[in-house]
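Q: According to this note's numbering, the sequence shown is numbered sequentially starting from 397.
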Amino acid sequence: MIKKLPQSRPLAVVLLLCLLLLLISPQYLVLQRGQDLGPWLRLGMLPAVLLLLVLLSLQRSFGRSIWLWLPLALLVPQEWFYQLTYGKATDAHAMAIIAETDLAEAAGYLSGIGWLLFAALLGILLLFGLTSSVLFAAQLYWPRYLRPVIWSCAVVGVGWVVLQERQYAIDYPVVQQADATQTALSRRPLPQSHNLFYQSFPLNLLLAGNEYRVQQQALSAVAAQSRDFRFGAAQPEVLGDRQIYVLVIGETLRPDRLQLNGYPRATTPELASIPGVVSFKDMISPWAWTRMSVPVIISRKTAADHSYFFNEKSLVAAFTEAGFRTYWLSTQSPLGVHDSSVALHASEADEVQYLNPVGYKKEGFYDAVLLDAFQRVLARNEQKQLIVLHTLGSHFSYTDRYPPEFDRFLPSGKGQKIGMHDRANRELLNNAYDNTVLYTDFVVSGLIKQLQSQQAIASLLLVSDHGENIFDGNCDKSGHGHNTEFDYRVGALWWGSELFSKQFPQKTQQLNKAAQLPLLTSQTFHTMLQLADIHYPSQQTAMSFADPAFRPQSRKLWTGIDFDRAAKSGQCRLLPQGQTSTNTSDNK
Numbered sequence: 397m398i399k400k401l402p403q404s405r406p407l408a409v410v411l412l413l414c415l416l417l418l419l420i421s422p423q424y425l426v427l428q429r430g431q432d433l434g435p436w437l438r439l440g441m442l443p444a445v446l447l448l449l450v451l452l453s454l455q456r457s458f459g460r461s462i463w464l465w466l467p468l469a470l471l472v473p474q475e476w477f478y479q480l481t482y483g484k485a486t487d488a489h490a491m492a493i494i495a496e497t498d499l500a501e502a503a504g505y506l507s508g509i510g511w512l513l514f515a516a517l518l519g520i521l522l523l524f525g526l527t528s529s530v531l532f533a534a535q536l537y538w539p540r541y542l543r544p545v546i547w548s549c550a551v552v553g554v555g556w557v558v559l560q561e562r563q564y565a566i567d568y569p570v571v572q573q574a575d576a577t578q579t580a581l582s583r584r585p586l587p588q589s590h591n592l593f594y595q596s597f598p599l600n601l602l603l604a605g606n607e608y609r610v611q612q613q614a615l616s617a618v619a620a621q622s623r624d625f626r627f628g629a630a631q632p633e634v635l636g637d638r639q640i641y642v643l644v645i646g647e648t649l650r651p652d653r654l655q656l657n658g659y660p661r662a663t664t665p666e667l668a669s670i671p672g673v674v675s676f677k678d679m680i681s682p683w684a685w686t687r688m689s690v691p692v693i694i695s696r697k698t699a700a701d702h703s704y705f706f707n708e709k710s711l712v713a714a715f716t717e718a719g720f721r722t723y724w725l726s727t728q729s730p731l732g733v734h735d736s737s738v739a740l741h742a743s744e745a746d747e748v749q750y751l752n753p754v755g756y757k758k759e760g761f762y763d764a765v766l767l768d769a770f771q772r773v774l775a776r777n778e779q780k781q782l783i784v785l786h787t788l789g790s791h792f793s794y795t796d797r798y799p800p801e802f803d804r805f806l807p808s809g810k811g812q813k814i815g816m817h818d819r820a821n822r823e824l825l826n827n828a829y830d831n832t833v834l835y836t837d838f839v840v841s842g843l844i845k846q847l848q849s850q851q852a853i854a855s856l857l858l859v860s861d862h863g864e865n866i867f868d869g870n871c872d873k874s875g876h877g878h879n880t881e882f883d884y885r886v887g888a889l890w891w892g893s894e895l896f897s898k899q900f901p902q903k904t905q906q907l908n909k910a911a912q913l914p915l916l917t918s919q920t921f922h923t924m925l926q927l928a929d930i931h932y933p934s935q936q937t938a939m940s941f942a943d944p945a946f947r948p949q950s951r952k953l954w955t956g957i958d959f960d961r962a963a964k965s966g967q968c969r970l971l972p973q974g975q976t977s978t979n980t981s982d983n984k
């Protein structure tokens with residue numbers, strides 16, 4: 397321990413201030429040019445400093461209480477990295493990534509900076525050790541009157557937040573459930589404390605952790621309802637060859653923008669060069685937003701079922717029952733209003749990896765991170781594998797979905813903030829959207845090439861969740877959820893390996909025939925099980941477009957309207973509303 401010297405007290409104060417500055421340093425990352433300093437000081441800096449002082453005052457000796465800062469200090473490098481890389485403070489999404497995914501394997505969340513992070517953490521530990529020693533040597537203690545003052549300020553602050561929460565609950569009450577697609581989570585506003593302090597480090601960590609806990613508890617309660625559900629699925633015939641079945645869930649992919657389907661631009665040059673790729677030109681989704689359309693793809697949930705959570709498990713569980721090792725790889729979010737119904741089914745997989753630290757609201761990681769994760773799964777050389785990949789595809793903001801080298805259709809507005817609903821941006825939006833399709837071509841063809849290198853019965857089926865409006869013709873609409881023809885038409889395609897075609901020639905022939913047939917995304921569940929020769933007692937093989945007995949069925953939308961028979965009016969090709977009005981406020 398450092399001996400007590402006349403200079404030790406000033407040195408102790410300097411070191412203590414250094415630690416304080418280290419802990420509040422992430423506050424400066426959220427301070428933007430031209431921002432009003434008042435709210436930043438009041439809602440960012442002041443609460444953070446008060447929390448740190450409360451922790452420091454829990455022991456009278458500074459040398460002891462300083463160690464209460466250590467856990468928060470060790471998180472400072474991570475917060476710096478996250479904010480500098482993704483332009484936002486750590487939130488519940490990041491908490492879910494950390495809690496549910498092996499970061500060493502999940503696309504290198506800290507890839508390339510491991511040594512820097514280690515050096516930073518080591519430096520912080522040394523700084524704490526030095527500061528604590530100097531504080532003990534200086535015999536620095538809190539004055540008796542100052543600790544109660546800090547605690548009183550903290551009590552006043554908590555009381556103010558409680559009053560804010562009460563007023564917020566009056567101003568923004570939990571709305572009544574309008575329809576079965578809404579849940580307690582989607583109707584519940586975030587706490588006012590979250591709105592006030594979500595960028596105030598380290599308060600944001602406490603708020604994010606609590607929000608993650610609330611959402612996980614809600615999902616666990618729903619999952620418990622179907623925990624004992626079984627399909628009774630099995631694969632009666634034991635095939636000698638390795639089997640790999642892949643389902644790619646696309647995002648906002650329109651069929652008319654695929655070069656494979658006759659689009660004049662070269663948006664799918666890689667897929668067009670691969671023999672055996674079958675593009676389904678006439679598939680629709682009965683829903684026009686992700687949280688309702690994806691469960692229809694992966695389970696037996698019908699368009700007529702408007703409940704947010706389905707009471708059955710998905711095809712993931714059916715493949716597991718049939719002896720497959722199952723994987724879910726995603727660049728979308730592990731929780732949230734738009735994602736929890738999907739995450740519920742994802743959790744059925746043996747292994748789940750969420751590979752995008754920021755979800756769809758920021759640029760984050762591109763879908764190509766799925767290629768490395770996919771390769772790692774294939775390298776395990778397991779006899780029977782199901783791999784589901786949930787992509788960000790063409791989700792707005794389009795320019796966030798592809799790297800600069802795929803910015804080929806210009807001008808696209810990449811690097812700018814482009815308003816989705818401003819018709820003046822029509823050319824930029826359309827070019828950027830086509831660039832996303834080009835990038836999807838790169839990712840999906842990369843998956844197929846990896847499968848080609850395996851000596852396996854392999855099948856890859858891509859189905860998009862819904863379509864998109866992009867100011868088509870003289871239509872004044874963009875995005876989705878507008879109840880137009882463009883909302884419901886989706887891109888879809890299939891590829892099978894040589895061993896698959898040899899093993900299942902009838903299925904291959906039928907899939908080629910289905911390329912011209914009217915299809916529904918709700919037929920995906922049945923088709924995936926049929927592709928793998930998985931059977932269960934209540935199976936409806938005629939619902940599979942890989943089965944020779946398949947016959948096109950009436951394509952009913954969630955509104956109860958028959959898509960093919962309904963009149964489509966105006967430039968936007970609007971469909972009748974049917975029995976239920978659509979909610980255009982959701983754009984996911």
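Glycine included, C-beta positions come from ideal geometry on N, C-alpha and C.
(1) Reducing DSSP to helix, strand and coil, say where Asn591 ends up.
(2) Are there 16 or more other CB atoms within 10 angstroms of the CB of Phe625, so buried, or fewer, so exposed?
(3) Out of curiosity, what's the CA-to-CA distance linking Gln621 and Lys709?
(4) Can you check whether the CB of Val530 is closer than 8 Å to the CB of Leu411?
(5) Tell me which residue opens and which closes the beta strand (DSSP E) that Thr722 is part of.
(6) Going by DSSP in three states, Tyr750 sits in which element: helix, strand or coil?
(7) Can you tell which of Arg638, Ile645 and Thr486 has its C-alpha closest to the C-alpha of Gln595?
(8) Which residues mark the beginning and the end of the beta strand (DSSP E) in which Arg638 is found?
(9) Answer yes or no: do Leu643 and Val833 have a C-beta to C-beta separation smaller than 8 Å?
(10) By Cβ distance, which residues of its chain are closer than 6 Å to Asn752, with the 5 residues on each side in sequence left out?
(11) What first and last residue would you give for the alpha helix (DSSP H) that runs through Gln781?
(12) Count the other C-beta atoms from every protein chain shown that fall within 10 angstroms of the C-beta of Ser874, then say buried if there are 16 or more, exposed otherwise.
(13) Leu559: buried (16+ other C-beta within 10 angstroms of its C-beta) or exposed?
(14) Give me the Cβ distance between Tyr750 and Pro730, rounded to the nearest whole Å; I'm assuming they're in contact under 8 Å.
(15) CA-CA distance, Gln423 and Leu448?
(16) Looking at C-alpha atoms only, which residue of Arg885, Arg961, Gln919 and Leu649 is the closest neighbour of Pro691?
(17) Can you tell me whether Ala713 is helix, strand or coil according to DSSP?
(18) Near Gln912, which residues of its chain fall below 8 Å by C-beta distance, leaving aside the five closest residues on each side in sequence?
(19) Below 8 Å on the Cβ atoms is my guess for Trp538 versus Arg460; work out the distance and round it to an integer in Å.
(20) Below 8 Å on the Cβ atoms is my guess for Pro807 versus Leu824; work out the distance and round it to an integer in Å.
(21) Out of Gln899, Ile462 and Phe959, which has the shortest C-alpha to C-alpha gap to Val634?
(22) So what does DSSP say about Ile494, is it helix, strand or coil?
(23) CB-CB under 8 Å to Ile462, same chain, minus the five flanking residues each way: which ones, in chain order?
(24) Identify whether Thr664 lies in helix, strand or coil by the three-state DSSP scheme.
A: So, from the data block:
(1) The residue given as residue 591 occupies position 195 in the sequence shown. It is helical.
(2) Taking the first residue of the sequence shown as position 1, residue 625 is located at position 229. With fewer than 16 Cβ atoms within 10 Å of its Cβ, Phe625 is classed as exposed.
(3) In the sequence shown, counting from the first residue as 1, residue 621 sits at position 225. In the sequence shown, counting from the first residue as 1, residue 709 sits at position 313. Cα to Cα, the separation comes out at about 10 Å.
(4) Counting from 1 along the sequence shown, the entry for residue 411 is found at position 15. Counting from 1 along the sequence shown, the entry for residue 530 is found at position 134. Yes; because the gap between Cβ atoms is below 8 Å, this pair is in contact.
(5) Here the question's residue 722 lines up with position 326 in the sequence shown. Its beta strand (DSSP E) spans residues Arg721 to Ser726.
(6) In the sequence shown, counting from the first residue as 1, residue 750 sits at position 354. It is a strand residue.
(7) Counting from one through the sequence shown, the residue named residue 595 turns up at place 199. It is Thr486.
(8) On the sequence shown, position 242 is the one that residue 638 refers to. It spans Arg638 to Gly646 - the beta strand (DSSP E) in which Arg638 sits, taken as one unbroken run.
(9) As a first step, residue 643 is located in the sequence shown; it is residue number 247 there, counting from the start. As a first step, residue 833 is located in the sequence shown; it is residue number 437 there, counting from the start. It is not a contact, given that the beta carbons lie outside the stated cut-off.
(10) Here the question's residue 752 lines up with position 356 in the sequence shown. Here Asn752 has Thr727, Gly760 and Phe761 as same chain residues with Cβ atoms under 6 Å from its own Cβ, once five neighbours each way along the sequence are excluded.
(11) Here the question's residue 781 lines up with position 385 in the sequence shown. Element bounds for Gln781: not the alpha helix (DSSP H) but the beta strand (DSSP E), Lys780 to His786.
(12) If you number the sequence shown from 1, residue 874 lands on position 478. Label assigned to Ser874: buried.
(13) In the sequence shown, residue 559 corresponds to position 163, counting from 1. Classification of Leu559: exposed, given that the 10 Å Cβ count is below 16.
(14) On the sequence shown, residue 750 is found 354 positions in, with the first residue counted as 1. On the sequence shown, residue 730 is found 334 positions in, with the first residue counted as 1. Yes, they are in contact, since the Cβ atoms of Tyr750 and Pro730 sit about 5 Å apart, within 8 Å.
(15) Working through the sequence shown from its first residue, we reach residue 423 at position 27. Working through the sequence shown from its first residue, we reach residue 448 at position 52. Near 13 Å, if we compare the C-alpha coordinates of Leu448 and Gln423.
(16) Stepping through the sequence shown from its first residue, residue 691 is reached at position 295. When each option's Cα is compared against that of Pro691, the closest is Gln919.
(17) Here the question's residue 713 lines up with position 317 in the sequence shown. Residue state, collapsed to three classes: helix.
(18) By 1-based counting over the sequence shown, the position of residue 912 is 516. The residues are Lys677 and Asp678.
(19) Against the sequence shown, residue 538 aligns to sequence position 142. Against the sequence shown, residue 460 aligns to sequence position 64. Incorrect: roughly 11 Å between the Cβ atoms, too far for contact.
(20) Taking the first residue of the sequence shown as position 1, residue 807 is located at position 411. Taking the first residue of the sequence shown as position 1, residue 824 is located at position 428. Yes, Pro807 and Leu824 are in contact; Cβ-Cβ is about 6 Å, under 8 Å.
(21) Translated into the one-based positions of the sequence shown, residue 634 becomes position 238. For the residues Gln899, Ile462 and Phe959, the minimum Cα distance to Val634 belongs to Gln899.
(22) Taking the first residue of the sequence shown as 1, we reach residue 494 at position 98. Here DSSP, grouped into helix, strand and coil, assigns Ile494 to helix.
(23) Here the question's residue 462 lines up with position 66 in the sequence shown. Excluding positions up to five away in sequence, the list reads Leu412, Leu415, Leu452, Phe524, Thr527, Ser528 and Leu531.
(24) Counting from one through the sequence shown, the residue named residue 664 turns up at place 268. DSSP places Thr664 in coil when its eight states are reduced to three.
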